[in-house]
Amino acid sequence: MISSTQQRVIGQPLERIDGPKKVTGMATYAFEHALDDVTYAFPVQSTSAHGHVVSIDAGAALDLPGVITVLTHENAPRLNPQIPGELAVLQSNQVSYRGQFVALVVAETLESARHAAESVIVHYEEQPHSVVLRPDSSDLYKPDHVNPFYETDTASGDVEAALSTAAITIDHTYSTPAEHNNPLEPHATIARWSSDGVTLYDSNQGSHRIRDTVAQAFGLSPERVRVISPYVGGGFGSKGKVHPHVILVTMAAQLVGRPVKFALTRQHMFAAAGYRTPTIQRIRLGADADGRLTAIAHDVVEQTSTVEEFAEQTALPTRMMYASPNRSTTHRLARLNVPTPAWMRAPGECPGMFALESAMDELAIACGLDPIELRLRNEPQSDPETGLPFSSRGLVACLREGTWRFGWQSRDPQPGVRVDGRWLIGTGVAASTYPTRRRQSSAIVRVNHEGHYRVLIDAADIGTGAWTILTQIAADALDVPLERVHLDIGDTLLPPAMIAGGSMGTASWGTAIVDAASKLRARLQEKRGVIPTGGLEAKGECGENPEARRFSMHAFGAQFAEVRVNRDTGEVRVPRLLGVFAVGSIMNAKLARSQLLGGMSMGLSMALHEESILDSRFGDYVNHDFAGYHIATNADIGSIEVAWIDEDDPYVNPLGAKGIGEIGIVGTAAAIANAVYHATGIRIRDLPITLDKLLS
Amino acid sequence: MAFHRLPGDEPQRDTVLEHSELITAIDLPRLPFAVRSHYRKVRDRASYAFALVSVAAAIDVTDGIVHDVRIAFGGVAHVPWRAIKAESVLRGAPATEEVFRHAADAELAQAQPLRENAFKVPLVRNTLVRTLLDLTQEEKR
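In the order they appear, the protein sequences are chains A and B. Position one of the first sequence corresponds to residue 1 (my numbering), numbered consecutively onward. Position one of the second sequence corresponds to residue 1001 (my numbering), numbered consecutively onward.
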């Protein structure tokens, strides 16, 4: 816990510390680091979805002015064969998906490299490819676990028996399309080798993770890899892991003996930087006449690649959301000739809660109950999966708070009856949830004899506000004014820390900083407050939370949507969203609001727009740019109100913070789909909700 | 001669412009009744998107009868689509929703949609009818 005599800065809506640097262009992003003697790389991607490379003719490319080399599987350095399959780039002639890197041109300028890449001629021996996810595919398989290490299937009680005797049953299949993360800053890496090893300037969500993977790939001790990433322009999960371009540029720099810069284009990102798997989800609910659940079953089909397994934990939230004596969840995967799916904001919870919360709305209608009342009736007393008590569970409070804030009380449940001119109007609600966890992190806090403090931790600020929040936490933990604290993040020379992922950053980093600060204060006390001329320092740790063995820990929320659907065209507008969240203590009211608002905007975008469209003939995502891959524009966003309830949870971490990076996107799409049903009487179970699905 | 062309054997050519030709002037003859015109663009999102379908229309109604009308569709063919058949159904007919619907159907009777864009037929029908209703109801006010 933090004891402070100063006015606490935690919670205050401070401006971003890094804001002025960002808006004046002084914050250096990965590609912008200036290095002497630098060269540029541009890749050649496979035009085949399955097969192998027979030959590569790089002669014309090498003859072009400024071209230094062309890397192919024939001349690329050999990597440690133990690395994940997606990273074994240029290690064989195999082609596993369209868009896979088959060569890399290095040249004196980016323009030369790009021109030369177009001149590389690759011949393929093609094999039939399988790229379309089908629920009835015969070769679906059961993965050993789902991301990261959850059980693949769970079962308790007898779902089939309960469904056969239930007064009311719901049995529907919902689907979500492939979606691409598309952070504003494309993935970029500069690699420079020296006698000390290799230095990478890289856009990522956690430098130590990048360091360890690159060290493994190149057979280096981790100390010989340094990764520098002070500023990152968004990630949404896609910069949490090493993607092939990082390996490729590191190989290129090794081969040419000069620094190499490599930034993915927006189009490259649709094959080379991860995406959310499409999902096909069957939900079965059984309830008694009062709407009390007697059975919940959630069966998920999704995809992975042939090079590496990624199994999204889509049914995870169904395991703990609602009380029911009989429950089961399953996950099955199709191994397709596609890029490997990966993390995208709230993997698991985001697509899973679209299905579950749509089904709950359908159940409420079948029971003749208000959807909020249905959820109140199925509120569990303890975690239905583990039997553990919740450290805190704010779902009911969020639903109640939202009820009056949104004006839900006066809602007429009848669908398709509210009209304003040519527009039908409806409202919908859905629940949100996200697990509260923390992971191993360490921090050092130093004070010099002038009383200035430095906080050292390899945290990452991917736009979340970590620069600011960690400084606030340190100031309170040290009981000193904010101005006396200087933070260093985004460099593997700093103490190792959890990546910015799983909504665990603030909890993990903050816990380590609080620990370091408290140790430093103890040392200062030993010295009776006199700082030695050499200064003092202390190292703090965040470990696994022992309380996690006693409590089930989750954040919750309730999302409300108002939609308008045009009666002539089926166009959908969302004039109003409200999200009420129970997410523990808020570290910075302004930045927290931004995070939740951003999550809900992305949820709206998922509901109405985002869909990566695969051309089954060629196996590529055809809408691989911002003209074709629609993300909500400013004009699509109406009023978004964000609120949170007071929640004091002493078990999650010393800060009481539950993590807010992901919960905002969980449930938004279901709230909107439920509102579309209320407006039109048409139930859309397949995202996105485009107008063709509503035209009668 | 129409400026835009259908794909035919040269799908790479959108217009009749030959190499080394460029447009030097566009002549827009006066169309007095088009002071009352509408352009409606229906998109997959509210802004920054191509039209799924668009309808441009001007209509001249006297004593409840359509005296003259101009209609063009976007997003339904390789060229901006002048709805000649709909226009001819409308000329001389009463300006009612039923007639507007009939005119739209006449134009769309020979539409050849594909699996993924079949929704454009009802979409352009509804959009045309609504555009004409908006124009004529505006006139009544």
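Where is the CB? At the ideal position from N, CA and C, for every residue including glycine. The structure presented is a predicted model; accordingly, all values stated were derived computationally and were not measured.
1. Would you say Asp692 (chain A) lies against chain B (beta-carbon separation less than 9 Å)?
2. Strictly under 9 Å for the Cβ-Cβ distance: is Gly570 (chain A) near chain B by that measure?
3. Suppose the cutoff is 8 Å on Cβ atoms and the five residues either side in sequence are ignored; what does the same chain contact list for Ile513 (chain A) look like?
4. Whose C-beta lies closer than 6 Å to the C-beta of Glu562 (chain A) among residues of the same chain, with five residues either side of it excluded?
5. Alpha carbons only, please: which of A:Pro496, A:Gly348, A:Met606 and A:Tyr621 is nearest the one belonging to Tyr150 (chain A)?
6. When you compare only the Cα positions, how much space is there between Val70 (chain A) and Leu255 (chain A)?
7. Mind listing the chain A neighbours of Phe1119 (chain B)? Cutoff is C-beta to C-beta under 8 Å, in chain order.
8. Measure the Cβ-Cβ separation of Thr506 (chain A) and Ile17 (chain A) and say whether it is below 9 Å.
9. Leaving out five residues before and five after Asp57 (chain A) in sequence, what residues of the same chain have Cβ atoms less than 6 Å from its Cβ?
10. Is DSSP giving Trp644 (chain A) helix, strand or coil here?
11. Taking its Cβ as the centre, do 16 or more other Cβ atoms sit within 10 Å of Met353 (chain A), making it buried, or is it exposed?
12. Check whether the region 611 to 631 of chain A and the region 644 to 657 of chain A are in contact - that is, three or more C-beta pairs closer than 8 Å.
13. Using C-beta distances below 8 Å, list every residue in its chain close to Ala76 (chain A), excluding the 5 sequence neighbours before and after it, in chain order.
14. Among all the DSSP beta bridges, which residues are the ones paired with Ala657 (chain A)?
15. I need the straight-line Cα distance from Thr28 (chain A) to Asp491 (chain A), nearest angstrom please.
16. Give me whichever residues DSSP pairs with Ser594 (chain A) in a beta bridge.
17. In three-state DSSP terms, what is Arg521 (chain A)?
18. For Thr633 (chain A) and chain B, any beta-carbon pair shorter than 9 Å?
19. Which complete alpha helix (DSSP H) runs does the region 64 to 137 of chain A hold, if anything under 4 residues is left out?
20. Mind checking which residues open and close the beta strand (DSSP E) that includes Asn672 (chain A)?
21. Name the DSSP bridge partner or partners of Leu578 (chain A)?
22. Which full runs of the alpha helix (DSSP H) of 4+ residues lie inside the region 144 to 230 of chain A, going along the chain?
23. What is the DSSP secondary structure of Val396 (chain A), reduced to helix, strand or coil?
24. Would you call Gln414 (chain A) buried or exposed, if buried means 16 or more other Cβ atoms sit within 10 Å of its Cβ?
25. Could you give the distance in angstroms between the alpha-carbon of Gly681 (chain A) and the alpha-carbon of Ile689 (chain A)?
26. Give me the DSSP bridge partner(s) of Ser552 (chain A).
27. Just to confirm, is the Cβ distance from Arg1040 (chain B) to Val1055 (chain B) under 9 Å?
28. Report the three-state DSSP secondary structure of Thr1131 (chain B) (helix, strand or coil).
29. Could you give the residue range of the alpha helix (DSSP H) that holds His1102 (chain B)?
30. Just reading off the alpha helix (DSSP H) that Lys261 (chain A) is part of, what are its end residues?
31. Helix, strand or coil for Glu1021 (chain B) per DSSP?
32. Look up Val710 (chain A) in the DSSP assignment and give the residues it is bridged to.
33. Hey, does Thr1127 (chain B) have any beta-carbon neighbour from chain A nearer than 9 Å?
34. Quick one, which of A:Ala297, A:Pro177 and A:Lys239 has its alpha-carbon nearest Ala162 (chain A)'s?
35. Going by the DSSP bridge assignment, what does Val1053 (chain B) pair with across the sheet?
36. Might you give, ordered along the chain, the residues of its own chain that have their beta carbon closer than 6 Å to the beta carbon of Pro380 (chain A), omitting 5 neighbours on each side?
Straight from the coordinates:
1. yes
2. Yes, contact with chain B.
3. Ala443, Val445, Val455, Ile457, Leu470, Ile473, Ala474, Ala477 and Gly540
4. Thr427, Pro575 and Arg576
5. A:Gly348
6. 10 Å
7. Leu691, Asp692 and Leu695
8. no
9. Closer than 6 Å at the Cβ level, and outside the excluded window around Asp57 (chain A), lie Ile121.
10. Trp644 (chain A): strand per DSSP, three-state reduction.
11. buried
12. no
13. Val89, Leu90, Gln91, Met251 and Leu255
14. DSSP, once it has assigned bridges, lists A:Gly584 as partnering Ala657 (chain A).
15. Rounded to whole angstroms, Thr28 (chain A) to Asp491 (chain A) spans 13 Å at the Cα level.
16. Ser594 (chain A) is bridged by DSSP to nothing; it lacks a bridge partner.
17. Here Arg521 (chain A) carries a helix assignment [DSSP, helix/strand/coil].
18. Yes, Thr633 (chain A) counts as interfacial toward chain B.
19. Qualifying alpha helix (DSSP H) stretches, in chain order: 110 to 119.
20. The residue you asked about is not Asn; residue 672 (chain A) is Ile in the sequence shown. Note, Ile672 (chain A): premise wrong, no beta strand (DSSP E); alpha helix (DSSP H) at Thr668 to Thr680.
21. A:Phe560 and A:Glu641
22. 159 to 165 and 207 to 218
23. helix
24. Burial call: exposed.
25. 14 Å
26. A:Phe390
27. yes
28. helix
29. Glu1097 to Leu1108 is the extent of the alpha helix (DSSP H) around His1102 (chain B).
30. Per DSSP, Lys261 (chain A) belongs to no alpha helix (DSSP H); it is in the beta strand (DSSP E), Val260 to Ala263.
31. coil
32. Within the shown structure, residues of chain A are numbered from 1 to 696, placing residue 710 (chain A) beyond reach of any answer.
33. yes
34. A:Ala297
35. B:Val1042
36. Ala323
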